[in-house]
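Below is one structure, written out as structure tokens; comments come after it.
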Amino acid sequence: MTYTISAANLSHLSPLQVHELYKLRVDVFVHEQQCPYAEIDDTDARDSTVHILAIDDETQQLAGTARVFPSTLDGEEVAQFGRFALDKQARGTGLGKQVMEAALQYAAVAMSGQPVYLEAQAPLVDYYGAYGFKVCGALFDDEGIPHQPMILRRES
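Okay, structure coming up:
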């Protein structure tokens, strides 16, 4: 499988692309993970939020996504990474690495190399650790799923 990776603000997506984005996230976060919460939030629509989109070249369907947006952590400006989701069929294909690398590249270039902050689901701490993320806070519960704050600080 091959994928085309792009980055766009919500306002630059077509209505169908927005639908596919939200559908994938609801499928993963609400249905698979059984977290009945409002998946759509105002952060999605901010001009400063960028959605990483991975389109399957064969089917032209959205296969993966993540979002990056400016935030603050203890008064420090950071690029916050989240809503990282892959379609079931795309898992194990290397797409996760492509989406992650695209998000980190976007943060490095567009957000002036600010530290990247995320709230990892506890079972994925080692996954993010492989990219250089370090634990930066106490484990907390979010909708019944343990999450671990993590940060990636780049070398100057």
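At position 77 of the sequence shown (counting the first as 1) the number is 124 in our numbering, and the numbers step up by one without a gap.
The beta-carbon is built from N, C-alpha and C at its ideal position, and this holds for glycine as well.
Please read all numbers here as calculations on a predicted model, not as lab measurements.
Suppose only complete runs of 4+ residues qualify. What are the alpha helix (DSSP H) ranges in the stretch 80-167, listed by chain order?
Entirely contained in the stretch 80-167, the alpha helix (DSSP H) runs reaching 4 residues are, in chain order, 142-157.
In three-state DSSP terms, what is residue 58?
Within the sequence shown, residue 58 is the residue found at index 11, counting from 1. Looking at residue 58 - three-state DSSP - the assignment turns out to be helix.
Determine, using beta-carbon pairs with one atom in the stretch 57-77 and one in the stretch 123-137, whether at least three such pairs fall under 8 Å.
The answer is yes - the stretch 123-137 touches the stretch 57-77, with three or more Cβ pairs under 8 Å.
On the three-state DSSP scale, how would you describe residue 186?
Working through the sequence shown from its first residue, we reach residue 186 at position 139. Coil at residue 186, not helix or strand.
Using the three-state DSSP reduction, which class does residue 174 fall into: helix, strand or coil?
Translated into the one-based positions of the sequence shown, residue 174 becomes position 127. Three-state result, residue 174: helix.
Might you give, ordered along the chain, the residues of its own chain that have their beta carbon closer than 7 Å to the beta carbon of residue 93, omitting 5 neighbours on each side?
Counting from one through the sequence shown, the residue named residue 93 turns up at place 46. Non-local beta-carbon contacts of residue 93 in its own chain, meaning distances under 7 Å to residues more than five positions away in sequence, involve 116 in chain order.
For my contact list, residue 149 and residue 99 are in at a C-beta cut-off of 8 Å; report their separation, rounded to the angstrom.
Position 102 of the sequence shown, counted from the start, is the residue given in the question as residue 149. Position 52 of the sequence shown, counted from the start, is the residue given in the question as residue 99. About 5 Å separates the two Cβ atoms, so the contact holds.
Straight-line CA distance for residue 185 to residue 196?
Counting from one through the sequence shown, the residue named residue 185 turns up at place 138. Counting from one through the sequence shown, the residue named residue 196 turns up at place 149. Residue 185 and residue 196 have their C-alpha atoms roughly 7 Å apart.
Measuring straight from C-alpha to C-alpha, what distance separates residue 159 and residue 181?
Mapped onto the sequence shown, residue 159 falls at position 112. Mapped onto the sequence shown, residue 181 falls at position 134. Cα-Cα distance, rounded: 20 Å.
Bridge-paired residues (DSSP) for residue 199:
Residue 199 sits at position 152 when you count from the first residue of the sequence shown. Note: residue 199 sits in a beta bridge opposite 163.
Compare the Cα-Cα distances from residue 188 to each of 198, 201, 202, 166 and report the closest residue.
Taking the sequence shown and counting its residues from 1, the one referred to as residue 188 is at position 141. When each option's Cα is compared against that of residue 188, the closest is 166.
With a 10 Å radius around its C-beta and 16 neighbouring C-beta atoms as the bar for buried, classify residue 201 as buried or exposed.
Here residue 201 corresponds to residue number 154 of the sequence shown, with the count starting at 1. Result: exposed.
According to DSSP, which residues form a beta bridge with residue 51?
Here residue 51 corresponds to residue number 4 of the sequence shown, with the count starting at 1. Paired residues: 102.
Please report the straight-line C-alpha distance between residue 139 and residue 48, rounded to a whole angstrom.
Along the sequence shown, one-based indexing puts residue 139 at 92. Along the sequence shown, one-based indexing puts residue 48 at 1. Going from the Cα of residue 139 to the Cα of residue 48 covers about 11 Å.
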